[in-house]
Amino acid sequence: MQSYTANICDKYPKDVQVLNPQYYSYGGVAMCHGEITTIQLFEDNSALVELLRDTKGKGRVCVVDVVGSFCAVVGETLMGYAYKNGWSGIIINGYVRDTHQTSQIPVGLFALGTYPYKSQKKAKAKIDTILKFGNVKFKPGYFAYADKDGIVVTKKNIIL
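Numbered continuously in this note's numbering, the sequence shown closes out at residue 160.
Below is the structure:
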């Protein structure tokens with residue numbers, strides 16, 4: 001299996017942003033890519049549930065920035081919604097749980113780590129906003145590529 005991210009960085013070094021290397025794979029596929037949709041949460045994954053459950057992913061990647069205390073915002077239920085609705089992957093600046101189950105669902109899932117405590121219902125989310133974390137700017141309409149080597153973002157779709 002080839003690497004999206006290494007090949008993209010080699011071929012387009014000036015066109016990529018590379019996410020800091022502290023993210024791990026917890027999904028059922030080793031690689032994912034697609035147009036970015038963003039959501040910022042404050043310890044409340046209700047809007048993310050609605051997004052993944054009620055919106056056709058059309059091969060997109062959902063980028064999630066979790067602000068606040070430690071909590072898991074994605075587990076097996078949300079991964080099931082993502083798979084059912086055609087999302088390619090989820091990248092989380094935060095934590096996940098149910099990783100034994102999420103690793104069996106064919107959707108990419110990348111996060112900082114695991115945490116068994118689920119999100120609490122505290123605040124509204126911001127959808128399709130510019131997010132900045134891990135030395136990368138995630139903008140709706142940009143493209144994300146993720147694999148075991150890392151996560152890169154480009155302004156345009158790069159087909160290898």
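We treat Cβ as the ideally placed atom computed from N, Cα and C, and that holds for glycine. None of the values given here were measured: they were computed from a predicted structure.
Whole-Å CB distance - V67 paired with Q101, under 8 Å assumed: No, V67 and Q101 are not in contact; Cβ-Cβ is about 26 Å, not under 8 Å.
Nearest to G75 (by Cα), restricted to the options G34, D98 and G134: D98
Whether D65 touches N20 by CB criterion (8 Å): no
Member of K118, G134, E35 and V153 whose CA lies at the smallest distance from the CA of V49: K118
Residues that D147 bridges to, as DSSP identifies them: G150
Own chain, CB closer than 8 Å to Q22, minus 5 neighbours either side, in chain order: L112 and G134
Cα-Cα separation between M1 and G108, rounded to whole angstroms: Caution applies to M1, whose pLDDT of 46 falls short of 50 and renders its modelled position unreliable; the model cannot decide the point.
Own chain residues within Cβ distance below 8 Å of Y12, not counting five before or after: T154 and I158
Alpha helix (DSSP H) segments (min. 4 residues) lying fully within the stretch 3-64: 4-11 and 46-54
Beta-carbon proximity list for L51, same chain, < 8 Å, skipping 5 on both sides: T37, I39, C62 and I127
D147 versus I8 - alpha carbon distance: 12 Å
Anticipated Cβ contact below 8 Å, I105 with G57, distance rounded: With a Cβ gap of about 13 Å, I105 and G57 do not count as contacting.
Beta-carbon separation (whole angstroms), R53 vs S88, contact threshold 8 Å: Incorrect: roughly 16 Å between the Cβ atoms, too far for contact.
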